[in-house]
Amino acid sequence: MQTVTLNNGVRMPLLGFGVYQIPAEDTERAVSEALAAGYRLLDTAAAYGNEEAVGRAAESSGIPREELFVTTKLWVQDAPAEDNTRRAFEASLAKLGLDYVDLYLMHQPFGDVYGQWRAMEALHREGLARAIGVANFYPDRLVDLILNNEVTPAVNQIETHPFFQRTEYQDLMREHGVQLQSWGGFAEGRNDLFTNPLLAEIGKEYDKTVAQVVLRWLTQRGVVAIPKSVRAERMAENIDVFDFRLTDEQMAAVATLDTGGSLFFDHHDPEMVAWLAKRRLDA
Ligand code: NAP
Numbered sequence: 001m002q003t004v005t006l007n008n009g010v011r012m013p014l015l016g017f018g019v020y021q022i023p024a025e026d027t028e029r030a031v032s033e034a035l036a037a038g039y040r041l042l043d044t045a046a047a048y049g050n051e052e053a054v055g056r057a058a059e060s061s062g063i064p065r066e067e068l069f070v071t072t073k074l075w076v077q078d079a080p081a082e083d084n085t086r087r088a089f090e091a092s093l094a095k096l097g098l099d100y101v102d103l104y105l106m107h108q109p110f111g112d113v114y115g116q117w118r119a120m121e122a123l124h125r126e127g128l129a130r131a132i133g134v135a136n137f138y139p140d141r142l143v144d145l146i147l148n149n150e151v152t153p154a155v156n157q158i159e160t161h162p163f164f165q166r167t168e169y170q171d172l173m174r175e176h177g178v179q180l181q182s183w184g185g186f187a188e189g190r191n192d193l194f195t196n197p198l199l200a201e202i203g204k205e206y207d208k209t210v211a212q213v214v215l216r217w218l219t220q221r222g223v224v225a226i227p228k229s230v231r232a233e234r235m236a237e238n239i240d241v242f243d244f245r246l247t248d249e250q251m252a253a254v255a256t257l258d259t260g261g262s263l264f265f266d267h268h269d270p271e272m273v274a275w276l277a278k279r280r281l282d283a
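Using my numbering, read the sequence shown as starting at 1 and increasing by one per residue.
Right under this line is the structure:
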């Protein structure tokens, strides 16, 4: 598997496996199948409610810990954020059954972001999180976080797919040494992504599916992708994307699909902010 090198020297697989919306009772099987298919990066979160199952699958796979790259995420914490962030991290680590995580992400740019980030910096310094980063940060918030703290996030995991491509934002992140990781790389199938005529036409040329074209397009841009599937045949399909290369013309054609906006959430919408603020997880 190809890797990217994060701003602190840690290497991260270019393609991994996401487990959002996989029910806890299906997650151990799905992750075991994903590991058997060759995935080594596992992306979960406290908010997904399936960290224990991810941990069980990692343990029973017999794959050496250092060959895995496990990401989990901090949900928005009540004050005092420093104490609560550490408690939330310890709860995640215990559920995963691990001594450390490879990447710990702040899941949302809300709450006491600076208190949460300082606590995450401490976890990183102690070696409990090899890298720390953020998710769902828009450019203004990301730059402010970078300018006012010691550790620059290694990763920003944001909605990125053919209908919301984030190319200018990727350039800005690159300037600051922040790796772009895509969530919702298939837009969860919205806008009829899997039958998109342009993507299907490109796929025909290489005998590849639309899903494979999308993952090739993301990874060719240097974007880390974490497709989710509960089906073993799709897991195999989604990791089989490194034996072809889109031409410059095809990359330019895919660029025309960009709508420049989210298909999911508006993180600037006060109602969305209030909804997220009300959601608290039991440790
Ligand atoms: P996604 O990967 O864009 O799409 C998943 C959907 O595509 C599922 O319905 C899946 O169905 C289907 N699918 C997968 N492979 C396919 C294929 N080859 N052909 C046809 N359909 C296929 O959506 P996502 O799960 O939202 O995003 C990926 C990961 O990003 C998540 O799992 C999570 O780890 C992360 N994420 C992070 C955030 C955040 O706020 N940081 C938000 C959302 C997601 P089946 O399962 O039935 O195959």
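Glycine residues also receive a C-beta, built at the ideal position from the N, C-alpha and C atoms.
Touching by the beta-carbon criterion (3+ pairs, under 8 Å), the stretch 72-91 and the stretch 100-119:
In the pairwise beta carbon analysis, the stretch 72-91 is classified as touching the stretch 100-119: at least three pairs are separated by under 8 Å.
According to DSSP, is Val224 part of a helix, a strand, or is it coil?
Here residue 224 is taken as the residue at index 224 of the sequence shown, counted from 1. Three-state result, Val224: strand.
Whose CA, out of Ala30, Arg130 and Gly177, lies closest to the CA of Ala232?
Taking the first residue of the sequence shown as 1, we reach residue 232 at position 232. For the residues Ala30, Arg130 and Gly177, the minimum Cα distance to Ala232 belongs to Ala30.
Using a threshold of 7 Å, is the CB atom of Tyr39 nearer than that to any non-hydrogen atom of ligand 1?
Indexing the sequence shown from 1 puts residue 39 at position 39. No, ligand 1 has no heavy atom inside 7 Å of this Cβ.
Within 8 Å, strictly: CB atoms of Ala53 and Thr27:
In the sequence shown, counting from the first residue as 1, residue 53 sits at position 53. In the sequence shown, counting from the first residue as 1, residue 27 sits at position 27. Result yes, Cβ atoms of Ala53 and Thr27 sit closer than 8 Å.
Identified DSSP bridge partners for Gly18
The count along the sequence shown starts at 1 and reaches residue 18 at position 18. DSSP output for Gly18 lists Asp43 as bridge partner(s).
Near ligand 1: Thr209 beta-carbon under 7 Å from a heavy atom
Taking the first residue of the sequence shown as position 1, residue 209 is located at position 209. Checking the Cβ of Thr209 against ligand 1 gives yes.
Using 7 Å as the cut-off, classify the Cβ of Glu188 as near or not near the heavy atoms of ligand 1, replying yes or no.
Along the sequence shown, read from residue 1 onward, the residue named residue 188 stands at position 188. Result yes, Cβ under 7 Å from ligand 1.
Identify every residue that forms a DSSP beta bridge with His161.
Within the sequence shown, residue 161 is the residue found at index 161, counting from 1. For His161, which the question treats as bridged, DSSP gives the partners Phe164.
Nearer than 7 Å: is that true of the beta carbon of Tyr169 relative to any heavy atom of ligand 1?
As a working mapping, residue 169 is identified with position 169 in the sequence shown. It does not: the Cβ of Tyr169 is nowhere closer than 7 Å to a heavy atom of ligand 1.
Run through DSSP, which three-state label would Tyr100 get?
Here residue 100 is taken as the residue at index 100 of the sequence shown, counted from 1. Coil, per DSSP.
For Arg166 and Val4, what's the separation of their Cα atoms in angstroms?
Walking along the sequence shown from the start, residue 166 turns up at place 166. Walking along the sequence shown from the start, residue 4 turns up at place 4. The straight-line gap from Cα to Cα measures roughly 18 Å.
On the three-state DSSP scale, how would you describe Thr72?
Mapped onto the sequence shown, residue 72 falls at position 72. Thr72 falls in the strand class under three-state DSSP.
Sorted by chain position, which residues of the same chain lie with C-beta nearer than 8 Å to Glu121's C-beta, five sequence neighbours on each side aside?
For this step, residue 121 is matched to residue 121 along the sequence shown. The residues are Ile132, Asn149, Glu150 and Val151.
Within 8 Å, strictly: CB atoms of Ala200 and Val210
Taking the first residue of the sequence shown as position 1, residue 200 is located at position 200. Taking the first residue of the sequence shown as position 1, residue 210 is located at position 210. Result yes, Cβ atoms of Ala200 and Val210 sit closer than 8 Å.
Say the cut is 7 Å; is the CB of Ile226 nearer than that to a heavy atom of ligand 1?
Position 226 of the sequence shown, counted from the first residue, corresponds to residue 226. Yes, Cβ of Ile226 sits closer than 7 Å to a heavy atom of ligand 1.
Is it true that the CB of Gly189 sits closer than 8 Å to the CB of Phe264?
As a working mapping, residue 264 is identified with position 264 in the sequence shown. As a working mapping, residue 189 is identified with position 189 in the sequence shown. Contact: no.
Should Gly261 go down as buried or exposed, given a rule of 16 or more other Cβ atoms within 10 Å for buried?
Working through the sequence shown from its first residue, we reach residue 261 at position 261. Exposed, since its Cβ has fewer than 16 Cβ neighbours within 10 Å.
Should Ser60 go down as buried or exposed, given a rule of 16 or more other Cβ atoms within 10 Å for buried?
On the sequence shown, position 60 is the one that residue 60 refers to. Ser60 should be labelled exposed.
Leaving aside the five residues before and after Lys244 along the sequence, list all residues of the same chain whose C-beta is less than 7 Å from its C-beta, in chain order.
Along the sequence shown, one-based indexing puts residue 244 at 244. A quick correction: the sequence has Phe, not Lys, at residue 244. Hits under 7 Å: Tyr206, Lys208 and Arg216.
Quick check on the burial criterion: 16 or more other C-beta atoms within 10 angstroms. Buried or exposed for Asp102?
The sequence position of residue 102 within the sequence shown is 102, counting from 1. Asp102 should be labelled buried.
What does the alpha-carbon distance come out to for the pair Trp117 and Arg87?
Here residue 117 refers to the residue found at position 117 of the sequence shown. Here residue 87 refers to the residue found at position 87 of the sequence shown. Going from the Cα of Trp117 to the Cα of Arg87 covers about 14 Å.
Is any non-hydrogen atom of ligand 1 found closer than 7 Å to the C-beta of Val19, if you look at the structure I gave you?
Counting from 1 along the sequence shown, the entry for residue 19 is found at position 19. Under cutoff, so the answer is yes.
Our contact map puts Thr160 next to Val213 with C-beta atoms below 8 Å; I'd like the distance itself, whole angstroms only.
Position 160 of the sequence shown, counted from the first residue, corresponds to residue 160. Position 213 of the sequence shown, counted from the first residue, corresponds to residue 213. Actually they do not touch by this definition, with Cβ atoms about 15 Å apart.
Rounded to a whole number of angstroms, what is the C-alpha to C-alpha distance between Ser182 and Leu128?
On the sequence shown, position 182 is the one that residue 182 refers to. On the sequence shown, position 128 is the one that residue 128 refers to. One C-alpha to the other measures close to 24 Å.
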